[in-house]
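Report on the structure given below.
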Amino acid sequence: MSVPPDLELTDAEKRLAIIVHPHPTLRRKSKPIMRVDDQLRDFIAQMLDLMYESKGVGLAANQVNLPLQLFVINPAGKRGEGEEMVFINPVLSRPKGSEEGEEGCLSLPGVYGEVVRAAEIDVEAFSHLGQRIKLRASGYLARILQHEFDHLQGTMFFDRMSPPKRAELADEIDEFEHDHEVRGSLGNLPTEEQWQAWVRKIETRYSPQA
Ligand code: ZN
Numbered sequence: 070m071s072v073p074p075d076l077e078l079t080d081a082e083k084r085l086a087i088i089v090h091p092h093p094t095l096r097r098k099s100k101p102i103m104r105v106d107d108q109l110r111d112f113i114a115q116m117l118d119l120m121y122e123s124k125g126v127g128l129a130a131n132q133v134n135l136p137l138q139l140f141v142i143n144p145a146g147k148r149g150e151g152e153e154m155v156f157i158n159p160v161l162s163r164p165k166g167s168e169e170g171e172e173g174c175l176s177l178p179g180v181y182g183e184v185v186r187a188a189e190i191d192v193e194a195f196s197h198l199g200q201r202i203k204l205r206a207s208g209y210l211a212r213i214l215q216h217e218f219d220h221l222q223g224t225m226f227f228d229r230m231s232p233p234k235r236a237e238l239a240d241e242i243d244e245f246e247h248d249h250e251v252r253g254s255l256g257n258l259p260t261e262e263q264w265q266a267w268v269r270k271i272e273t274r275y276s277p278q279a
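Sequential numbering from 70 applies to the sequence shown in the numbering used here.
Pasting the structure below:
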């Protein structure tokens, strides 16, 4: 199936970069992926590169400005170590227990805080190779899955923190918001219209029925 000319991507659009809070795509509820093409496989490869370069253990598609239900993880955080996994259209279910642990986020570099997560959880998804994934996760893997799944719903880890713990991070988070405002006032951010056009293009290309 060929892509309509108006959904072709420019060379600049094909190069992904990590976006930081409070970029609006981080707050958008991601759309399910209805088609996997070579371009999407290339996006996934770039996401893995960016995750390893940034020393992360997970990266969601909307963190690279793609409002799609997709994330990549590797709990070992290093290429060639641990297990690299790609989750398309993931669904979480059957949470059990709760555990508090420290989290950070590549869209808020340098900011860390304690978040309560389910200790165990089921995940179902498809891989980029079309294979069905179904597993029960616990511990660190369960935490990563819940953090990345949250991204796809437009939720950031600090939204999950208790008010007193979140208040401790308020200054650091404010700094990111201030930087964003400055970049906007200097004309270094896409306009609302440009952002809407990008989101529409990606959603129409990969999630036409949604
Ligand atoms: Zn994150």
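All C-beta atoms in this analysis are idealised placements derived from N, C-alpha and C, irrespective of residue type, glycine included.
Going by DSSP, what residue range makes up the alpha helix (DSSP H) through residue i?
| i | result |
| --- | --- |
| VAL251 | 232-254 |
| LYS203 | No alpha helix (DSSP H) holds LYS203; the beta strand (DSSP E) holding it covers 201-207. |
| ILE271 | 261-275 |
| LYS83 | 80-83 |
Are the beta-carbon atoms belonging to residue i and residue j less than 8 Å from one another?
| i | j | result |
| --- | --- | --- |
| ARG235 | GLY170 | no |
| VAL126 | LEU161 | no |
| LYS165 | GLU183 | no |
| LEU119 | LEU85 | yes |
| HIS197 | ARG110 | yes |
| ALA187 | GLN215 | yes |
| LYS124 | GLY223 | no |
| LEU177 | GLN132 | no |
| LEU135 | PHE156 | no |
Between which two residues does the beta strand (DSSP E) carrying residue i extend?
| i | result |
| --- | --- |
| VAL192 | 189-195 |
| GLU172 | 168-173 |
| LYS165 | 154-165 |
For residue i, does the three-state DSSP call read helix, strand or coil?
| i | result |
| --- | --- |
| GLU183 | strand |
| PRO74 | helix |
| ILE213 | helix |
Just to confirm, does residue i get its C-beta within under 7 Å of one of the non-hydrogen atoms of the ligand NAP?
| i | result |
| --- | --- |
| LEU175 | The ligand NAP is absent from the structure shown, which contains only the ligand ZN. |
Cβ contact check for the segment 140-150 and the segment 83-95: 3 or more pairs under 8 Å: no
Only counting runs of 3 or more residues, tell me where the beta strand (DSSP E) segments fall wholly within the segment 105-140, in order along the chain. 127-129
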